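Here's the structure, in structure tokens; my notes come after.
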Amino acid sequence: MLGEESSYAIQMNRYFLKPIGIWPVGEGASGLVKTLRDANVFACFWLICFLLVPCALHTFLEEPNPYIKLKLIGPMSFCLMALAKYCSLVGYIPEIAACFEHVEQDWTMYRRANSQYELRTMRRNAKIGRKLALLCAAFMYGGGFFYHTIMPLSSGKIATTEFTQRLLELLSQNITDLEHMGQSPRALTYPIYARLLNVELSPVYEIVFAVQTVSGFVLYTITIGACSLAATFVVHVCAQLQIVMDLLGKLADGTIEDGGGGGGGGLGVDVEARLNDKVATIVERHLRALAFAERVENNLNVICFVEFVGCTMNICFLGYYFITEWESRNTISTMTYCILLVSFTFNIFIFCYIGEILTEQCLRVGEAAYRVDWYKLPCKKAQGLILILAVANRCPAKITAGKLVNLSLGSFCNVIKTAATYLNLLRTVML
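Throughout, the numbering used here is defined as the position within the sequence shown, counted from one, plus 342.
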């Protein structure tokens, strides 16, 4: 049972993971609840494939225009990203549940001990995680709403190759009654392969449009859910490391006044017992935080890899789409691609930012151990700080993209530079 504090910390995760069937249901859940969760997962897979497969068939088998093909490759790559991330999330549901249980145990431990400083630290970090998740949701849902609803509706009807050829034939025959040429099909965000479904008929178009809108909601919710998971877990680790740093700062408090220090003089039995408890608590919580960070990294490194590679590609594509729509004076499309460009840039920034602060916090633990008033401690206790220094500085926790790239602000800059390089190449070839 989640407490009020821990519920606040993971509230955003529940909002975004429940609709896509990733939120853990618990071992004691009824068979009906588990069946509904499995049905939810199947429905999400079906909705993703409903976007990806017909659009891929249309793009590679039916669409002759290379510029339109290029415009469809971007959305399809986003579908593939969402599919890969969703497969990873579904496969790691038990591990994700274990991570949430770990977070709950930490909150429960400090709540029972009535440790107000620790609870304030965790609340402050939980608030940061919530803000990151909400910002990601605002950008992704905002851009997705424009892309899946406003853009198709504002573009009206589109002229396909067959429609254009029919128009030219009629004009060449001096036929001015354009009723003979039929109607041009209405626009869809993800075009459908004509041999699968005739979307020119009503209400087929309306049904397909509605299903594609729901599918788009699933795509963006998967992206937001993955981002909220990473943000929540990493800021929780950072909170635990801040608590360890505070304990290190208080390690030598009162040691000299209570009966000894520095040069090897003896300590009273009570003082030495308290000091042993302090050191044991520091080491235990430090190792617990690092173990949780390693578990988070193992669960999310595949998602981070997909995000790292996919955002590089999509930032490049969106930059190209933005430039072409700007030159065509298409206001709504330009604004839509601008919002999506900001969304993808901010999304990869979140992953790189939390990776940066996690590594930085681990190194700060080593700095805090270095600043301890070791001369107030007995020699053997002071030597114990060397282990904390070594672990903090030699083995800092990291978030990686597939165990290949450490996510940091430096890697974010590399993503932007790489995307800009490919954008220039794309403009040279296509424009």
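Backbone N, C-alpha and C fix where the C-beta goes; we use that ideal spot for every residue, glycine too. Computed from a predicted structure; not experimentally measured.
Is DSSP giving Ala743 helix, strand or coil here? strand
Which residue marks the beginning of the alpha helix (DSSP H) containing Leu543, and which one marks its end? First-last for Leu543: undefined, no H or E at that position.
Whole-angstrom Cβ separation of Thr687 and Ile645, contact assumed at under 8 Å? Actually they are not in contact, since the Cβ atoms of Thr687 and Ile645 sit about 18 Å apart, beyond 8 Å.
Could you give the distance in angstroms between the alpha-carbon of Arg706 and the alpha-carbon of Met354? 28 Å
Do Leu399 and Met418 have their C-beta atoms closer together than 8 Å? no
So, do the segment 420–436 and the segment 449–464 have three or more beta carbon pairs nearer to each other than 8 Å? no
Where do the ends of the alpha helix (DSSP H) carrying Ala479 lie? Gln458 to Phe487
Would you kindly work out how many angstroms separate the C-alpha atoms of Ser570 and Ala371, rounded to a whole number? 24 Å
In the DSSP assignment, what residue or residues form a beta bridge with Asn748? Thr742
Start and end residues, alpha helix (DSSP H) containing His490: Premise fails: His490 is in no alpha helix (DSSP H) and is neither H nor E.
Unbroken alpha helix (DSSP H) runs of length 4 or more, entirely within the segment 387–460: which are they? 408–433 and 435–454
In the DSSP assignment, the alpha helix (DSSP H) including Glu709 goes from what residue to what residue? Thr673 to Tyr712
Are there three or more Cβ pairs, one per stretch, closer than 8 Å when the segment 665–684 is compared with the segment 446–459? no
Could you check which residue in Leu378, Val367, Cys441 and Ile492 has the C-alpha nearest to that of Leu632? Cys441
Grouping DSSP H, G and I as helix and E and B as strand, with all else coil, what is Lys620? helix
Whole angstroms is fine: what's the gap from Ala529's alpha carbon to Met493's? 9 Å
Can you tell me which of the three DSSP states Ser670 falls into? coil
Report the rounded CA-to-CA distance for Val432 versus Trp365, giving the unit in angstroms. 10 Å
Suppose you measure from the CA of Ala341 to the CA of Gly485; what does that come to, to the nearest Å? This structure gives no information on residue 341, because the portion of the chain shown stretches from 343 to 773.
Report back the beta-carbon spacing between Lys740 and Leu700 to the nearest angstrom; my notes put them in contact at under 8 Å. 7 Å
Would Leu749 pass as a contact of Phe693 if the rule is Cβ separation under 8 Å? yes
Neighbourhood of Ala568 by C-beta distance below 6 Å, restricted to the same chain and skipping five residues each side: Lys427 and Ile645
Buried or exposed (CB count within 10 angstroms, at least 16 for buried), Asn641: buried
Using DSSP with H/G/I as helix, E/B as strand and the rest coil, what is Glu369? coil
Sequence-distant residues of its chain with Cβ nearer than 8 Å to Phe392 (five each side left out): Val553, Gln554 and Ser557
If you follow the alpha helix (DSSP H) that Tyr535 is part of, which residue opens it and which one closes it? Run containing Tyr535: none; DSSP gives neither H nor E here.
Buried or exposed (CB count within 10 angstroms, at least 16 for buried), Pro738: buried
Have a look at Ile415 and Leu590 and give me their C-alpha separation to the nearest angstrom. 53 Å
Which word fits Thr654, buried or exposed, when buried means at least 16 other C-beta atoms lie within 10 angstroms of its C-beta? buried
Which same chain residues end up closer than 7 Å to Gly697 when comparing Cβ atoms and leaving out the 5 residues on each side of it in sequence? Lys740, Ile741, Asn748, Leu749 and Ser750
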